[in-house]
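A short worksheet on the structure shown next.
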Amino acid sequence: HSLSQLYGRVEEYLLDDLPDVVLEHKVDICRLLLQVVDVVEPGLSRIR
1 HSLSQLYGRV EEYLLDDLPD VVLEHKVDIC RLLLQVVDVV EPGLSRIR
């Protein structure tokens, strides 16, 4: 899940400054991560 946190982090940009396409890709990555976590570690977990 660390990669999803790092994606889109650029030193000179704030989250609001990132292009929509980058933010949408980050959302897609997070959704995919949650799908994997649902299988590997169902229920509530630290990642959620």
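Each step along the sequence shown adds one to the number in UniProt numbering, with nothing skipped, and position 15 is 15. Glycine included, each C-beta is placed from N, C-alpha and C at the ideal position. Being a predicted model, the structure only gives us computed values, none of them experimental.
- Judged by beta-carbon spacing, Tyr-7 lies within the 7 Å limit of Ile-29, meaning their Cβ atoms are closer than that value.
- Here the C-alpha atom of Asp-16 lies approximately 23 Å from the C-alpha atom of Leu-32.
- In the structure shown, Val-10 adopts coil according to DSSP, grouped into three states.
- Rounded to the nearest angstrom, the Cβ distance from Val-36 to Ser-45 is 12 Å, too far for a contact under 8 Å.
- In the same chain as Ser-4, and ignoring 5 residues on each side of it, the C-beta atoms closer than 6 Å to its own belong to Ile-29, Cys-30, Leu-33, in chain order.
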